[in-house]
Structures are given as structure tokens and as C-alpha cells.
Amino acid sequence: MKQSETTVIHGFLDNRIFGIISGIAGEMGVRAFVIGGYVRDCFLGRQGKDIDIVVEGSGIELAEAVAAAVGSKVSVFRNFGTAMLKYKGMEVEFVGARKESYRRDSRKPLVENGTLEDDQLRRDFTINAMAFSLQKEDFGALVDPFGGIRDLAAGIIRTPLDPDTTYSDDPLRMIRAIRFATKLSDGQRQFTIVPESLESIRRNRGRLSILSRERIAEELNKILVCARPSTGFRLLDETGLLELILPQLVSLKGTENVDGHCHKENFSHTLEVVDNVASAELQAIAGGCLKDYVNVDGVEEERPRTAPNVWLRWAALLHDIGKPATKRFDKASGWTFHGHEVVGARMVPGIFKSLRMPLNEKMKYVGKLVLLHLRPIALVTEEVTDSAVRRLLFDAGNDIDDLMLLCNADITSKNPRKVERLKKNFALVSRKLAEVEEKDAIRNFKNPVTGEYIMELYGIPPCRQIGELKEYVKNAILDGAIGNDFEAADRLLREKAAEMGLVPVK
Ligand code: ATP
Ligand code: MG
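Counted from 1, the sequence shown has number 625 at position 491 by this note's numbering; the numbering is strictly sequential.
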């Protein structure tokens with residue numbers, strides 16, 4: 135290990151918490167350091183909201199003493215030897231410095247107490263292994279044994295040890311490397327994984343088998359919420375990891391040519407759509423135009439969206455996943471993917487299950503968006519009737535804005551005239567949606583006549599007729615034959631029920 139630098143950087147540790155930790159660690163006679171993401175983000179000019187503190191001693195004891203001093207609660211995780219406290223909206227995590235050794239069949243290392251140097255050696259990347267001293271005598275000094283600063287300036291992701299050892303010991307680091315390359319790159323600087331490291335990831339990709347699917351999905355989610363997720367998915371593909379994680383996505387690759395007809399390259403198209411969704415969503419969030427609907431004690435509450443919705447990104451990633459299975463060549467119409475939205479929506483549960491992702495309303499939302507992703511644009515090729523718009527609103531419900539965002543992001547044609555026409559039509563559908571919603575409030579449509587009401591009115595038990603009557607009334611409202619109100623619905627219900635031979639009991 136190289137001699138650590140002793141530059142003291144002013145300004146990064148102005149937060150009062152660092153002085154407090156420094157004082158208490160001094161009294162306890164242990165050395166403490168800020169380490170990892172917080173240090174890296176300081177140099178990138180980003181404000182991290184989590185602080186990691188490493189202590190040559192007990193992380194839990196130091197955390198408890200600091201918590202007592204600042205009057206905050208501490209959460210202790212004895213199994214991991216860590217403790218966390220909140221200070222003015224920041225999460226401060228304490229851990230004892232460790233020395234690790236790995237076994238072949240597990241990413242759980244054998245852990246012993248160690249020094250700062252031991253601890254830095256077990257970190258994943260040079261840019262994540264930098265530390266600031268919290269000792270009184272050199273408060274704020276940068277301890278950077280592997281040239282993290284140099285790599286940060288050059289936009290390089292490199293492991294402190296031999297990459298084969300680093301990745302084989304804990305294969306999660308392979309996906310983390312890709313995550314950091316995606317997350318840290320921006321308009322000004324591109325982060326790249328050094329070639330030896332990329333080759334090593336390719337070589338060690340089989341080690342992924344010792345990871346739990348949940349951990350893999352967690353990393354994928356972090357890549358998806360980045361500003362340009364395509365960077366990560368291209369790297370996952372190039373290293374052969376994607377084939378192991380999401381083979382269905384790899385099946386989208388390639389084009390085929392028959393009689394001079396070539397279809398779209400669906401892998402690149404998909405990644406372009408994911409990026410489009412990411413930037414449109416970020417813009418909409420900044421403009422305060424998107425809402426989330428959360429269930430609080432059974433009541434739905436509307437909140438402005440403040441952070442990316444990872445499930446919308448999943449919907450973008452999977453929107454064309456049914457294309458390989460539905461691809462046909464027809465002499466008259468060329469390449470077609472008829473029904474790919476239906477097949478794609480049906481594939482969603484299997485994909486979610488394979489990655490141990492939630493099989494709840496999040497999965498249903500993704501399936502629904504995949505199923506409906508062609509509907510808004512299909513509307514414009516026909517006449518945009520109020521009835522068609524009402525049905526779309528009814529089917530999409532509160533997810534209509536996300537669906538429209540996805541549908542707009544799906545316009546990736548390279549033909550400017552086609553793009554202009556589609557965007558114009560799309561704007562027309564958006565306007566029409568707003569008009570119809572304003573007039574008829576279909577988005578939260580609830581049938582004004584319920585099953586209970588019908589059973590009571592006619593004194594009948596649950597039966598098929600009830601479903602038929604409800605459906606009849608619903609269709610009349612969506613078709614605009616009657617208004618969306620109880621009186622009109624009740625009148626129509628009674629007419630139809632009389633035709634069916636039903637007589638009210640009261
Ligand atoms: P983020 O801003 O995304 O949270 P971070 O660098 O803080 O970035 P974390 O996952 O929170 O990332 O981890 C904190 C630190 O712990 C990292 O900077 C790194 O030093 C170390 N670390 C985390 N996971 C690993 C791992 N699997 N192998 C080695 N070191 C790791
Ligand atoms: Mg962190």
C-alpha cells in the first residue's frame with residue numbers, strides 16, 4: 135500500500151456532526167474516519183445524504199456515545215456489527231474496521247477486527263476506498279492509498295486489488311462496477327470501467343450464481359433509476375451478465391432481413407425508450423407534473439412525485455419483451471409483431487418471479503403498462519372518439535400519465551417526418567384525454583351501481599345476472615350513452631333488469 139496523502143481539504147467536514155464524532159472518538163481513544171461514498175461525492179461536488187464512519191474499534195459503542203451526545207436514537211445491527219443514527223436528515227452509519235477473507239462458495243466473508251488499511255483493502259473500488267481522518271491532529275486529511283482521487287478525476291472505475299480476486303470474492307461488485315459507471319457519468323464526465331476489470335467481469339460472470347436474486351434485482355433497480363440507464367444495460371450485455379440475469383432482454387437483439395425488409399433492432403430501441411422515459415420523468419418531476427397515489431389506511435392519497443418511479447422504468451425495459459415470440463414475416467405487410475403487448479404483459483410475472491421481485495400491485499402496474507403501451511398511439515390512427523378515450527382512461531386509471539409518458543418515449547423513429555406526425559397526433563390524444571377527464575371524471579371510475587345494491591333491490595343472491603347488469607351499465611357510461619351518475623345508472627339498470635324479468639322487492 136502506498137503512503138497515504140496528508141492533504142487536508144477544507145470545507146468538506148463543516149457539518150457539526152464530524153466535530154462531535156471526532157471529539158468522542160478521541161475521548162474513547164479510537165481512530166475514526168469518514169469513508170466511501172460520502173468522500174467520493176465530496177470531490178464530485180455532490181452532496182451525499184449518507185455518511186459512513188469506520189472506527190478502529192467498536193462501531194456500535196462509538197455510535198451509542200455519539201447518539202447520546204446529540205440526543206438522537208440509534209439503531210444497532212449486532213449481526214453486522216453496525217449502528218446507525220439520524221442527524222439532521224442525514225443517516226450516519228458506524229462500523230468497526232474489518233479485515234476480511236473469503237470462501238469459495240459464499241459472498242459472506244470471514245471477518246476479523248482490523249485497521250483502517252485492512253478495511254480500505256476490502257473496499258470495492260479505488261474511488262470508494264478514500265477516507266477523511268477525524269483525528270484532532272490531522273482532521274480532514276485524505277487517506278487515499280490506491281489513487282482514488284486520480285481515478286475520480288480521470289473517470290475510472292478500478293478495483294484496489296487484483297480484479298479477479300475482488301470479483302470472485304464478492305460477485306455483487308461486478309454489478310456495482312456497472313452501477314457506478316452508470317450513476318456517476320453525466321453530461322460532463324463519462325466514467326468507464328478499466329479494460330482489465332471489464333475482462334475480469336466477463337471471466338468471472340459465472341460467479342453470479344452465488345448471489346441471491348434479490349441482491350441482483352436491487353442493483354438492477356439502482357441502475358434503472360439513473361439518469362441514463364442504457365449505459366448500465368449495455369455494460370451488462372457486453373460483459374455477458376445480462377444473459378444470466380435477464381435472457382429475455384438479450385433475445386431482443388439483432389435484426390433480420392427478408393427480401394430487403396429489415397425490422398427495428400429491438401434491444402437498442404428498448405434502451406432508447408428507457409432513457410427517454412428517464413429524462414421525461416425527471417423533467418416532469420421537476421415541473422411538478424407527476425403524482426403518486428398511495429394507500430394510507432385504505433384511503434387513496436395523491437402526492438407529487440419527487441423521485442423516479444422504478445416500476446415505470448421496468449415497464450419501459452419490458453415494453454417490447456413479447457416481440458421475439460410474436461415476430462412474423464408476411465410478404466404483403468413485411469415484419470409484424472402482432473399481439474406483442476399481450477404476450478409481453480403475460481411474461482412479466484415470470485420475470486418478476488425469477489428476480490424475486492414483488493408480485494403485488496407493482497408487478498400488476500408493470501404488466502398493465504406493457505399491455506396498454508400501444509393504446510394511446512393506436513387511438514390516433516383511428517378517429518379519436520370520446521368513447522375510445524373514456525375506455526383508455528378507464529383501463530389505465532391513475533396510471534394514465536405514466537402510460538402517456540411511456541407511449542411518447544416509445545417514438546424513436548429516425549424518420550423526422552414520421553416523428554413529427556406521431557408527436558402531433560400524440561399531443562391531440564393528450565388534449566382529448568384532458569377534456570374527457572375534466573368532463574366525465576373516468577380515471578377513478580367506480581360503477582354507480584354496486585353488486586350489493588342490485589342484490590338488495592331485487593332480493594336475489596350473488597348470481598351471473600348481477601355481473602351482466604353491472605357490465606351493461608358500465609359500458610353505457612363508457613360509451614357515453616348515459617352520464618357517469620347514480621340517477622342515470624339506476625334508471626338504465628331498472629330498464630335492463632325488467633327486460634330480464636326481474637322485479638324490485640321494494
Ligand atoms: P451510494 O451513493 O450509491 O450509496 P456508496 O459508495 O455509498 O454509494 P454503498 O453501497 O452505500 O455505496 O456502500 C458504501 C461503501 O461501502 C462503498 O463506498 C464501498 O466502500 C463499500 N462497499 C459497499 N458494498 C461493497 C462490496 N460489495 N464490496 C466492497 N465494498 C463495498
Ligand atoms: Mg451509500
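We put the CB at the ideal spot given by N, CA and C, even for glycine.
Quick caveat, the model's predicted, so the values are computed rather than measured.
*Determine the direct distance from the alpha carbon of LYS604 to that of GLY388, and round the result to whole angstroms.*
47 Å
*Is the distance from the Cβ of SER156 to the Cβ of LEU268 below 7 Å?*
yes
*Is the stretch 535-549 touching the stretch 445-455 in the sense that three or more CB pairs, one from each, lie closer than 8 Å?*
yes
_Those runs of the alpha helix (DSSP H) which lie wholly inside the stretch 515-591 and span at least 4 residues_ = 520-530, 534-543, 550-574
*Kindly provide the ranges of any alpha helix (DSSP H) runs that are 4 or more residues long and lie completely inside the stretch 441-524, ordered along the chain.*
444-452, 457-460, 474-488, 495-506, 509-515
*Can you check DSSP and say which residues form a bridge with HIS397?*
For HIS397, which the question treats as bridged, DSSP gives no partner whatsoever.
*Thinking TRP469 and HIS397 are a contact (beta carbons under 8 Å), I'd like their distance in whole angstroms, please.*
4 Å
*Can you have a look at ASP431 and say buried or exposed, based on whether 16 or more other CB atoms are within 10 angstroms of its CB?*
exposed
*So PRO363 is in the alpha helix (DSSP H); what residue range does that whole segment cover?*
363-372
*With DSSP as the reference, please indicate the residues paired to PRO438 in a beta bridge.*
LYS425
_In whole angstroms, give me the CA-to-CA distance for GLY223 and SER206._
11 Å
_Classify CYS176: buried if its beta carbon has 16 or more other beta carbons within 10 angstroms, exposed otherwise._
buried
*asked:* Nearest by alpha-carbon distance to VAL173: which of ILE283, GLU246, ALA201 is it?
replied: ILE283
_Rounded C-alpha distance that separates PHE463 from ASN391_ = 10 Å
_Considering Cα atoms alone, identify which of ASP544, GLU406, PHE259, PRO510 is closest to LYS566._
PRO510
*asked:* Let me make sure I understand the geometry here. Which of ASP371, SER488, LEU370, ASP148 has the alpha-carbon closest to that of GLY274?
replied: ASP148
_Just to confirm, is the Cβ distance from ALA263 to ARG257 under 7 Å?_
yes
_Expected contact under 8 Å - CB spacing of THR249 and PHE280 to nearest Å_ = Their Cβ separation, rounded to whole angstroms, is 15 Å, which puts THR249 and PHE280 out of contact at 8 Å.
*Name, in chain order, the residues that DSSP records as bridge partners for THR216.*
PHE211, VAL229
*Could you spell out the range, first to last residue, of the alpha helix (DSSP H) harbouring ASN609?*
598-612
_Simplified DSSP state of ILE291, which is helix, strand or coil_ = strand
_Just list the residues that DSSP pairs THR326 with in beta bridges._
ILE290
_Are there any heavy atoms of ligand 1 lying less than 6 Å away from the beta-carbon of ASN262, as far as the coordinates show?_
yes
*Quick one: is the Cβ of ARG307 within less than 6 Å of any heavy atom of ligand 1?*
yes
*Taking 7 Å as the cut-off, decide whether the C-beta atoms of ARG490 and GLU348 are in contact.*
yes
_For GLU246, the three-state DSSP class (helix, strand or coil)_ = strand
*For GLU234, which residues does DSSP report across the bridge?*
VAL245
*Considering ASP148, what are the terminal residues of the alpha helix (DSSP H) in which it resides?*
Counting along the chain, ASP148 falls outside any alpha helix (DSSP H), and DSSP gives it neither H nor E.
*What residues sit near ligand 2, counting only those whose C-beta is closer than 6 Å to one of its heavy atoms, in chain order?*
GLY171, ASP184
*For the beta strand (DSSP E) that VAL200 lies in, which residues bound it at each end?*
No beta strand (DSSP E) contains VAL200, which is instead part of the alpha helix (DSSP H) from 193-204.
*asked:* Less than 7 Å between C-beta atoms, sequence neighbours within five positions excluded: which residues of the same chain meet that for SER343?
replied: none
*Closest Cα partner of GLY163 within the set GLU195, ILE169, GLU586, PHE325*: GLU195
_Considering only the alpha carbon of each residue, which of HIS507, ALA615, MET308 lies closest to ASP574?_
ALA615
*Go through its chain and collect everything with a Cβ distance to PHE620's Cβ below 7 Å, but skip five positions before and after it.*
PRO582
*Using a threshold of 7 Å, state whether the C-beta atoms of GLU190 and ARG212 are closer than that.*
no
*From ALA466 to GLY394, what distance separates their C-alpha atoms?*
13 Å
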